[in-house]
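Chains as they are written, first to last, in the UniProt record's numbering: chain A, 1 to 251; chain B, 1 to 625. Heads up, the beta-carbon is just placed ideally off N, CA and C, and yes, glycines get one too. First up is the structure itself, then whatever we jot down about it.
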Amino acid sequence: MSGGLVVRGLTVRYGGRTVVDGVDLDVVDGRVLGLVGESGSGKSTIARAVLGLAPVHAGAITVGGQEVRRLSARERARRVQMVFQDPFGSLNPRMSVGGIIREGLEALGDLPARERAAEVTRLLELVSLSPDLAQRLPRRLSGGQRQRVAIARALAARPGVLIADEITSALDVSVQAQVLNVLRGILAAERFSMLFISHNLAVVRYISDDIAVMRDGVIVETGPVDEVLAAPRHPYTRELLDAIPQLHPTA
Amino acid sequence: MRRQLRTVFSTVTGSVAAVLLLLLVLLAIFGPIIWSGKANAIDVAKAWQPPSGEHWFGTDELGRDMFARSLVATRLSLLSAVAASGIAIVVGVPVGLLAAMFGPRLTSAFQSVVNVSIAFPALLTAMFVGTVIGIGVPGAILGVGIAMAPMFARLTQTLTASVISLDYVAAARTMGVPLRRLVGRHVLANVAEPLVITATTSVGTSLLGISALSFLGLGARPPQYDWGGLLSTGLKAIYTSPMAAIGPGTLIALSGIVFSLLGEVIAGAFGDNQSNRRFGRVARAMAAAARRLSAKPASPSDALLDVANLRVGFPSENGELPAVRGVSLRVAAGERVGIVGESGSGKSVSVMAIAQLVEHPAVVTADRLRFLGTELSTMAPAARRRFLGTNLAMVFQNPMSSLNPAMRIGTQLAEVAQVHSGLSASDARTRAADRLAEVGIADAGHRLRQYPHEFSGGMRQRAMIAMGLMETPRLIIADEPTTALDVTVQRQILDLLLAINRDAGAAILLISHDISVIANVCERVVVMYAGVVVEDLPVASLLRAAAHPYTRALIASVPDMTTDRDADLATIPGRPPALDDLPTGCPFASRCAFATDECVAQMPPLAPMADGHLAACWHPQGGAL
Chain A
1 MSGGLVVRGL
11 TVRYGGRTVV
21 DGVDLDVVDG
31 RVLGLVGESG
41 SGKSTIARAV
51 LGLAPVHAGA
61 ITVGGQEVRR
71 LSARERARRV
81 QMVFQDPFGS
91 LNPRMSVGGI
101 IREGLEALGD
111 LPARERAAEV
121 TRLLELVSLS
131 PDLAQRLPRR
141 LSGGQRQRVA
151 IARALAARPG
161 VLIADEITSA
171 LDVSVQAQVL
181 NVLRGILAAE
191 RFSMLFISHN
201 LAVVRYISDD
211 IAVMRDGVIV
221 ETGPVDEVLA
231 APRHPYTREL
241 LDAIPQLHPT
251 A
Chain B
1 MRRQLRTVFS
11 TVTGSVAAVL
21 LLLLVLLAIF
31 GPIIWSGKAN
41 AIDVAKAWQP
51 PSGEHWFGTD
61 ELGRDMFARS
71 LVATRLSLLS
81 AVAASGIAIV
91 VGVPVGLLAA
101 MFGPRLTSAF
111 QSVVNVSIAF
121 PALLTAMFVG
131 TVIGIGVPGA
141 ILGVGIAMAP
151 MFARLTQTLT
161 ASVISLDYVA
171 AARTMGVPLR
181 RLVGRHVLAN
191 VAEPLVITAT
201 TSVGTSLLGI
211 SALSFLGLGA
221 RPPQYDWGGL
231 LSTGLKAIYT
241 SPMAAIGPGT
251 LIALSGIVFS
261 LLGEVIAGAF
271 GDNQSNRRFG
281 RVARAMAAAA
291 RRLSAKPASP
301 SDALLDVANL
311 RVGFPSENGE
321 LPAVRGVSLR
331 VAAGERVGIV
341 GESGSGKSVS
351 VMAIAQLVEH
361 PAVVTADRLR
371 FLGTELSTMA
381 PAARRRFLGT
391 NLAMVFQNPM
401 SSLNPAMRIG
411 TQLAEVAQVH
421 SGLSASDART
431 RAADRLAEVG
441 IADAGHRLRQ
451 YPHEFSGGMR
461 QRAMIAMGLM
471 ETPRLIIADE
481 PTTALDVTVQ
491 RQILDLLLAI
501 NRDAGAAILL
511 ISHDISVIAN
521 VCERVVVMYA
531 GVVVEDLPVA
541 SLLRAAAHPY
551 TRALIASVPD
561 MTTDRDADLA
571 TIPGRPPALD
581 DLPTGCPFAS
591 RCAFATDECV
601 AQMPPLAPMA
611 DGHLAACWHP
621 QGGAL
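Here it is as structure tokens:
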């Protein structure tokens with residue numbers, strides 16, 4: 001099931017504090033929107049609001065035209081899935097890799113039981129992991145392998161929208177590249193749209209089609225990646241760009 | 001789990017607990033079958049007899065054998081105790097789960113109720129419930145069970161609250177996993193260990209509680225009897241036939257101890273989960289460490305910092321883990337050097353060892369560890385502290401852990417100058433204000449009176465740097481100083497380090513996992529992998545002439561603002577070797593595309609590639625990246 005994510009006038013408040021203030025976002029069907037901003041800017045709160053894990057004060061969140069807050073948990077799971085930042089905290093230490101992925105299939109329940117094992121294998125191969133890993137417990141995997149298991153679990157639901165929240169920031173750089181490559185491969189092979197949240201502008205640039213720059217709960221600039229980064233209009237976007245330490249001299 | 005239990009039961013405590021438990025269970029099963037007749041045989045003529053060969057614990061007022069009665073009472077006593085604990089669990093655990101899982105309002109209401117009921121003496125609660133239900137065994141069981149339920153409720157609530165905030169529970173929720181399964185698989189499975197332990201020890205507590213109620217006449221009543229009831233009977237003849245009371249009393253105490261021991265044994269089994277696993281690797285790791293070749297020591301010079309063949313080992317149950325294996329490093333006065341490496345490369349441990357911050361039981365050795373021409377390893381500790389305190393400044397990743405949260409920033413800064421330069425309090429304060437201003441903190445006079453928590457992350461890092469500048473350091477070691485900071489703040493801190501280097505002439509040793517951070521600040525970069533230096537080269541040649549395949553892969557795998565978005569990123573297959581399983585040859589060989597048999601067999605020495613460029617590789621690569 002595909003269908004983009006549309007957020008309109010989203011406001012999230014914790015107590016009296018407004019963390020997300022009237023945000024509009026469009027994750028266009030089949031495209032990747034990179035959401036970039038510094039800590040405390042509210043990027044992760046948007047993800048949590050979409051998944052029903054944060055209190056929405058005002059606004060609308062629709063996936064494929066349907067308001068997610070009116071969907072049942074199962075219906076929402078089919079439309080939106082998420083991969084979390086910490087690959088050590090996001091996998092149940094007591095469940096095998098296969099069990100973790102199978103749980104996603106069971107929860108949705110539209111695959112006959114006898115086909116689930118084959119689907120687990122397919123998903124593991126999709127994220128470039130050996131199907132032999134299915135028997136292992138998460139603690140025997142490296143950080144990069146765990147993060148790929150988390151991606152496979154999310155894709156088990158065949159969601160229309162995948163939210164990736166800082167999924168490479170806890171990884172070493174060489175491992176980050178593995179995860180990014182896997183993600184790019186899947187984006188080419190399967191049809192879904194993605195909200196890719198990161199503080200790392202270079203990573204966002206590499207993986208995204210569109211970009212939204214967030215600061216203090218507000219989106220300050222948004223547009224196609226090439227346009228925004230080549231000619232940033234908002235001073236904050238320019239400040240972010242100037243602050244990035246560069247290895248290669250910019251042309 | 002089964003295997004761990006087996007190992008634990010082979011310990012002394014474990015086997016004692018197991019044997020005693022088995023004995024109690026057998027007694028509970030067979031006691032009434034074997035001794036019922038004797039226990040109930042009334043012979044009034046033999047009432048209140050003292051202990052004898054025939055009656056070990058003596059007899060009661062109807063002449064019944066107290067020893068047989070004590071053995072028979074095992075079943076009722078243990079069953080009641082287990083039942084009471086069962087009730088406590090069945091009531092307490094769901095209440096705790098509900099309170100933790102359904103919103104903050106329910107949680108706080110729950111907490112006040114539970115806190116009050118825990119504060120209320122359990123025995124009083126038990127007596128109250130028992131009296132309301134009706135005096136007898138069921139009343140006592142229910143009473144003790146309900147009295148203990150709040151303890152389980154609170155334990156479950158705290159444990160659940162800590163698990164439920166973890167991402168895998170959120171992940172399961174977003175997956176639409178049904179509540180029943182969410183609780184079972186994701187919450188209960190991960191809080192089970194402490195609950196099982198508490199449940200086991202609670203049987204002992206229940207036993208004491210029920211015995212006490214029976215003793216007071218609120219539990220088992222004739223013709224039923226448990227240990228508490230027998231104790232009460234025996235107490236009537238304590239002066240003539242003490243064993244009639246001591247016998248059942250001992251059994252109560254013994255059983256209580258068995259269940260406590262059992263809880264401890266189970267806790268041990270859970271705790272041991274992983275620690276024994278690597279046992280077999282000891283010999284291999286030690287043999288490999290012994291074979292390891294060291295990097296060639298650099299020639300001595302008048303460098304500001306001159307380190308040769310630095311080694312750091314951390315003792316573990318599997319022998320010493322070599323975190324740093326022969327690092328040689330030189331920093332000239334005023335030079336900016338970066339050390340780059342991934343987690344576990346030994347970069348932080350190396351600089352901590354240089355700064356004399358690696359403590360026992362870690363073992364630090366070096367052929368040479370010279371700073372400002374003075375050998376650090378032979379200095380007296382007090383003199384060394386003073387020497388480093390004035391000449392070396394350290395900046396860490398997390399300034400909050402290096403600043404004292406209970407002291408004002410100004411006091412902490414001033415203290416440095418008072419201790420090292422013997423400045424007066426007011427002079428030290430003036431200098432502190434100057435330094436804060438120098439690192440770009442506005443309104444320094446006001447800021448001095450604030451506490452660390454009133455500073456933002458970037459400001460704390462500035463305050464740390466200002467603290468380092470209270471003396472006149474010749475070298476600033478900054479270990480991942482910007483990793484926890486936002487990119488715009490990172491820029492400011494890096495600029496600040498550059499400015500200090502330029503204006504005060506202090507050399508900088510910057511440690512980072514991010515090679516582009518180092519490229520922006522430093523003149524020279526040292527690349528570390530698996531505890532050794534694999535390459536040491538000028539930053540200017542990094543893109544042009546990096547020779548080690550690891551360095552090249554590290555550069556190619558990091559996307560930056562010029563990376564081709566239509567091509568895959570370069571990756572490094574596999575993962576770094578574990579410290580307890582290091583290879584004999586080049587540590588990168590198993591992940592390297594250019595590796596040959598030579599690389600596997602022998603560690604390449606750090607050899608000159610060009611002027612000021614060293615690499616430890618049998619097959620150095622060339623060409624621009």
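Listed by chain order, chain B residues near residue i by CB distance under 9 Å
i: Met95(A); result: Tyr168, Arg185, His186 and Ala189
i: Leu91(A); result: Asp167, Tyr168 and Ala171
i: Leu108(A); result: Met175 and Gly176
i: Arg153(A); result: Ala171 and Met175
Residue-chain proximity (residue i, chain A), Cβ-Cβ < 8 Å
i: Gly531(B); result: no
i: Ser343(B); result: yes
i: Ala570(B); result: yes
i: Thr563(B); result: yes
i: Arg575(B); result: yes
Min CB distance residue i to chain B below 8 Å
i: Ala251(A); result: With a pLDDT of 41 at Ala251(A), under the threshold of 50, the modelled position of that residue is not reliable, and the figure given next carries that caveat. It does: the Cβ of Ala251(A) has a partner Cβ on chain B nearer than 8 Å.
i: Met1(A); result: The predicted model places Met1(A) with a pLDDT of 42, which falls under 50 and marks its position as unreliable, so this point remains unresolved.
i: Glu38(A); result: yes
i: Gln81(A); result: yes
i: His57(A); result: no
i: His199(A); result: yes
i: Ala157(A); result: yes
i: Glu190(A); result: no
Cβ-Cβ separation, residue j to residue i (assumed contact under 8 Å), whole Å
i: Val161(A); j: Arg79(A); result: 6 Å
i: Val12(A); j: Val63(A); result: Not quite, the Cβ-Cβ distance comes to about 17 Å (not below 8 Å), so this is no contact.
i: Val191(B); j: Leu159(B); result: 4 Å
i: Gly209(B); j: Leu97(B); result: With 8 Å as the limit, Gly209(B) and Leu97(B) do not qualify as a contact, their Cβ atoms being about 24 Å apart.
i: Pro150(B); j: Ile118(B); result: 5 Å
i: Leu180(A); j: Thr168(A); result: 7 Å
i: Pro87(A); j: Ala150(A); result: 6 Å
i: Leu305(B); j: Leu475(B); result: 6 Å
i: Pro131(A); j: Leu124(A); result: 5 Å
i: Ala157(A); j: Gly104(A); result: 5 Å
i: Arg191(A); j: Gly37(A); result: About 28 Å separates the two Cβ atoms, so there is no contact after all.
Beta-carbon neighbours of residue i, restricted to chain A and to distances below 8 Å
i: Pro559(B); result: Ala177, Leu180, Ala202, Val203, Arg205 and Tyr206
Interface residues of chain B facing residue i [CB-CB closer than 7 Å]
i: Arg74(A); result: Gly176
i: Asp86(A); result: Asp167
i: Glu227(A); result: Chain B residues near Glu227(A): none, gap ~14 Å exceeds 7 Å.
i: Gly104(A); result: Met175
i: Arg31(A); result: None at all; the shortest Cβ gap to chain B is about 14 Å.
i: Val7(A); result: Ordered by position in chain B, no residue passes the 7 Å Cβ test against Val7(A), which lies about 17 Å from the chain.
i: Ala77(A); result: Thr174, Met175 and Gly176
Local Cβ density within 10 Å of residue i, reported as buried at 16 or more and exposed below that
i: Met407(B); result: exposed
i: Val517(B); result: buried
i: Gly219(B); result: buried
i: Ser426(B); result: exposed
i: Gly410(B); result: buried
i: Ala290(B); result: Here Ala290(B) scores only 35 on pLDDT, less than 50, and its place in the model should not be relied on; the value that follows carries that caveat. Per the 10 Å Cβ criterion, exposed.
i: Gln178(A); result: buried
i: Asp514(B); result: buried
i: Phe30(B); result: exposed
Proximal residues of chain B, C-beta to C-beta of residue i below 8 Å
i: Ala243(A); result: Val487, Thr488, Gln490 and Arg491
i: Leu247(A); result: Ile515, Ser516, Ala519, Leu542, Leu543, Ile555, Val558 and Asp560
i: Ser142(A); result: Arg575
i: Asp172(A); result: Glu342, Ser343 and His513
Cβ-heavy atom distance, residue i to the ligand ATP, below 7 Å
i: Ala556(B); result: The model depicted lacks the ligand ATP and carries no ligand whatsoever.
Notebook entry, point to check: Any chance the segment 472-487 of chain B sits against the segment 338-352 of chain B, with 3 or more Cβ pairs inside 8 Å?
Noted result: yes
Notebook entry, point to check: Is the segment 242-260 of chain B touching the segment 64-74 of chain B in the sense that three or more CB pairs, one from each, lie closer than 8 Å?
Noted result: yes
Next item on the list: Examine the Cβ distances between the segment 34-49 of chain A and the segment 70-77 of chain A and report whether three or more of them are shorter than 8 Å.
Entry: no
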